[in-house]
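K.L.:
Right, I'll just put the structure down here and ask away after.
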Amino acid sequence: MKPKRKINLSETILGKEEVNAVCAVIDSGWLTMGDQVMMFERSFAELHGVAEAVAVNSCTAALHLALRSLEIGPGDEVLVPSLSFVATTNAVLYVGASPVFVDIESLDQPHISVSEAEKKITVKTKAVIIMHYGGYVADMSKWRAFCDDFKITLIEDAAHSPAAEGVGQTSDASAFSFFSNKNMSTAEGGMLLSRDSEVIRKARRLRAHGMSSDTLTRHKGHAFSYDVNQLGYNYRMDEIRAAIGLAQLTKLKKWNTKRNEISKIYRELLENGRLGVRIPFDEKHNSTAHLMPIILPQRTERNKLMQSLKEDGIQSSIHYPPIHQFTYYREKFPNITLSITEEFCRRELTMPLHPLLTVDDVQYIVDALERALN
Ligand SMILES: *Cc1c(COP(=O)(O)O)cnc(C)c1O
C-alpha cells in the first residue's frame with residue numbers, strides 16, 4: 002500500500018521575510034496605522050494600476066466601507082450572487098440595503114448572469130456586486146457597460162483575485178481579502194481600491210470612527226483634536242499585518258502563476274469529462290486560480306466521496322453553500338429559487354490548490370478521486 006499523504010485545501014506560506022518584517026515593526030515601536038500601512042496601500046494600489054487604496058482589517062470591512070462610501074443605504078437594492086461567501090451579502094445588510102440574488106450563468110460559467118441581473122433591475126437598484134469566483138475574473142467590460150446603461154454602481158468582491166489582470170480598474174470600488182486561506186495573507190486583513198478619490202477619502206474616515214484626523218497625524222503634531230460627523234467604525238489595519246502584507250505582495254504574482262500551472266495539471270489529468278467530472282471555466286480564462294472547483298456527476302454522494310478522500314489524507318471542501326438557503330437569509334428572504342446556483346452548489350467539490358502542490362500530489366489526488374468515484 003502506498004504511504005498516505007496529508008494534503009490540505011490551502012497552505013499559508015510564511016517565511017524569513019515575514020518574520021524579519023514583523024520583528025522590524027516591533028523594534029520600531031509604532032504598531033498601527035503608520036509607514037507600513039501607507040506603503041502597503043501604495044504598493045497594492047500600484048500593483049492594480051489604481052491610484053489609491055485603503056487598508057482595513059478584513060475584506061468584509063472593505064465591502065462595508067465600499068457600500069457606505071458609495072452612499073448605498075436603506076431602501077436601496079443591490080444585485081448580488083448567492084454563490085459566494087456570506088460576507089458579500091452581509092455587507093449589504095450592514096448598510097440597511099436589500100440584497101437581490103441573481104442566478105449564475107451556467108455550471109461552466111458560475112459568475113452571475115448579466116441577463117438575469119437585468120431582469121431583477123427595479124427603480125430601487127443602486128449597485129451590483131460581482132464576485133470573481135475561484136479567482137476567475139468576470140467579464141468586467143460587460144459589467145461596466147451594464148452599470149453605465151442602468152446608472153448603477155459596480156462593486157467587485159475581489160477576495161479571490163488579487164493581482165489579476167483588469168481587477169479593480171473599471172469598477173467603482175473593489176474589496177480584497179488577506180485572510181489565511183487566500184492567495185496572499187496577513188492572517189486577517191483586507192483592502193479597498195477605488196478610482197474615485199472621494200470614495201477613498203470617505204472610506205479613510207469611516208475606517209477610523211468617522212474621525213476627521215488620524216492617529217499618526219495627531220502623533221506628528223499636525224492636529225490636536227478632531228471632529229466626528231458620521232457613524233464610523235474601527236476597521237484599521239496594524240503595522241504588523243501591513244509589514245507581512247508587503248512581504249507577501251512581492252511573491253503574489255509568482256504564486257498566482259504557480260496556482261494556474263497546478264490547475265492546468267488538474268485539467269489535464271481529469272481530461273475535462275473523463276470521470277464524468279466537469280471543470281468550470283476555460284483553461285485560458287484570466288484567473289488567479291484561488292480555488293480548484295470541479296462539478297461531480299449528477300448522482301454522486303458528495304459526503305461519501307469527501308469522506309473517502311479524507312481517508313486518503315486529502316482535504317476537500319464546498320464553495321459555497323448558497324447564501325439564499327442559509328436559515329437567516331431564508332427567513333428574511335423566503336421563496337427564492339436560483340436553479341443553476343442550486344445545482345452548482347449541490348454538485349461542486351473544491352480540490353486542494355496552493356503553490357506548494359507538486360505534479361505528483363495532483364496525480365495522487367486525481368487517482369484517489371477516480372477510486373472514490375468508482
Ligand atoms: C474570504 C471572503 C470574504 C471575506 O473576507 P474576510 O477578509 O475574511 O472578511 C468575502 N468574500 C469572499 C468571496 C471571500 O472568499
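For the sequence shown, our numbering begins at 2 and goes up steadily by one. Ideal placement from N, C-alpha and C gives every residue a C-beta, glycine not left out. If you're wondering where the values come from, they're calculated on a predicted model, not measured in any experiment.
Would you mind sorting residue 304 into buried or exposed? The rule is 16 or more other CB atoms within 10 Å of its CB.
P.N.:
Classification for residue 304: exposed.
K.L.:
If you pair each beta-carbon of the region 344-363 with each one of the region 254-274, do three or more pairs fall below 8 Å?
P.N.:
Short answer: they touch.
K.L.:
In chain order, which beta strand (DSSP E) runs of at least 3 residues are fully inside the region 227-253?
P.N.:
Listed in chain order, there is nothing to give.
K.L.:
Between which residues of its own chain and residue 435 is the CB-CB distance below 7 Å, once the five residues before and five after are set aside?
P.N.:
A question about residue 435 goes unanswered here, because the residues of the chain that appear run from 2 up to 375.
K.L.:
For residue 361, count the other beta carbons within 10 Å of its own beta carbon; 16 or more makes it buried, fewer makes it exposed. Which is it?
P.N.:
Burial call: exposed.
K.L.:
Look at the Cβ atom of residue 230, then the Cβ atom of residue 208, and state whether they are nearer than 9 Å.
P.N.:
No. Outside cutoff.
K.L.:
Kindly give me the distance between the Cβ atoms of residue 175 and residue 169, rounded to whole angstroms, as I take these residues to be in contact under 8 Å.
P.N.:
Right, their Cβ atoms sit about 4 Å apart.
K.L.:
Run the proximity test for residue 189: is its beta-carbon closer than 8 Å to any non-hydrogen atom belonging to ligand 1?
P.N.:
Yes, ligand 1 has a heavy atom inside 8 Å of this Cβ.
K.L.:
Select from 77, 255 and 63 the residue whose C-alpha is nearest the C-alpha of residue 122.
P.N.:
Minimum Cα distance to residue 122 is reached at 77.
K.L.:
Closer than 8 Å is the cut-off here; do at least three beta carbon pairs connect the region 265-277 with the region 80-97?
P.N.:
Touching, no.
K.L.:
Taking the runs of the beta strand (DSSP E) that are 3 residues or longer, which of them lie wholly in the region 14-74?
P.N.:
As far as the region 14-74 is concerned, its whole beta strand (DSSP E) runs of at least 3 residues are 53-57.
K.L.:
Is it true that the CB of residue 140 sits closer than 9 Å to the CB of residue 161?
P.N.:
Result no, Cβ atoms of residue 161 and residue 140 do not sit closer than 9 Å.
K.L.:
Restricting to Cα atoms, I'd like to know which of 298, 96 and 80 is closest to residue 374.
P.N.:
Cα-wise, what sits closest to residue 374 is 298.
K.L.:
How is residue 147 classed by DSSP in three states: helix, strand or coil?
P.N.:
Of the three classes helix, strand and coil, the one that applies to residue 147 here is helix, per DSSP.
K.L.:
What runs of the alpha helix (DSSP H), each 4 residues or longer, lie entirely inside the region 156-194?
P.N.:
None, since the region 156-194 contains no complete alpha helix (DSSP H) of that length.
K.L.:
Going by DSSP in three states, residue 80 sits in which element: helix, strand or coil?
P.N.:
Residue state, collapsed to three classes: strand.
K.L.:
Nearest to residue 371 by alpha carbon, out of 346, 323 and 301?
P.N.:
Taking only the C-alpha atoms, the option nearest residue 371 is 301.
K.L.:
Should residue 73 and residue 96 be called a contact, given that it needs their Cβ atoms to be closer than 9 Å?
P.N.:
Against a cut-off of 9 Å, the Cβ pair of residue 96 and residue 73 comes out as a contact.
K.L.:
Which residue or residues does DSSP assign as beta-bridge partners of residue 108?
P.N.:
Partner(s): none; residue 108 has no beta bridge.
K.L.:
Go to residue 90, then tell me how far its alpha helix (DSSP H) extends in each direction, as first and last residue.
P.N.:
Residue 90 -> alpha helix (DSSP H) spans 88-95.
K.L.:
Exposed or buried, which one is residue 232 when buried takes at least 16 other CB atoms within 10 Å?
P.N.:
With fewer than 16 other Cβ atoms within 10 Å, it is exposed.
K.L.:
Is it buried or exposed, residue 42, if we count other Cβ atoms within 10 angstroms and call 16 or more buried?
P.N.:
Counting Cβ neighbours within 10 Å, residue 42 comes out buried, since at least 16 surround it.
K.L.:
Tell me, please, which residues DSSP counts as bridged to residue 306.
P.N.:
DSSP output for residue 306 lists no bridge partner at all.
K.L.:
Excluding the five sequence neighbours on either side, which residues of its own chain have a C-beta within less than 8 Å of the C-beta of residue 40, listed in chain order?
P.N.:
Once the five neighbours on either side are set aside, the close Cβ partners of residue 40 are 243 and 247.
K.L.:
For residue 93, I'd like the list of residues in its chain whose CB is within less than 6 Å of its CB, leaving aside the five on either flank, ordered along the chain.
P.N.:
Closer than 6 Å at the Cβ level, and outside the excluded window around residue 93, lie 79 and 100.
K.L.:
Alpha carbon to alpha carbon, what distance is there between residue 89 and residue 197?
P.N.:
Distance between the alpha carbons of residue 197 and residue 89: 21 Å.
K.L.:
Identify the continuous beta strand (DSSP E) that holds residue 131 and give its terminal residues.
P.N.:
Start and end: 126-132.
K.L.:
Within the same chain, show all residues whose beta-carbon is closer than 7 Å to that of residue 264, passing over the 5 residues directly before and after it, in chain order.
P.N.:
Around residue 264: 290, 293 and 354.
K.L.:
In this structure, does DSSP put residue 337 in helix, strand or coil?
P.N.:
Coil.
K.L.:
Would you list the residues whose beta-carbon is nearer than 6 Å to any heavy atom of ligand 1, in the order they occur in the chain?
P.N.:
Those residues, listed in chain order, are 59, 60, 61, 85, 86, 88, 89, 132, 158, 160, 161, 178, 180 and 191.
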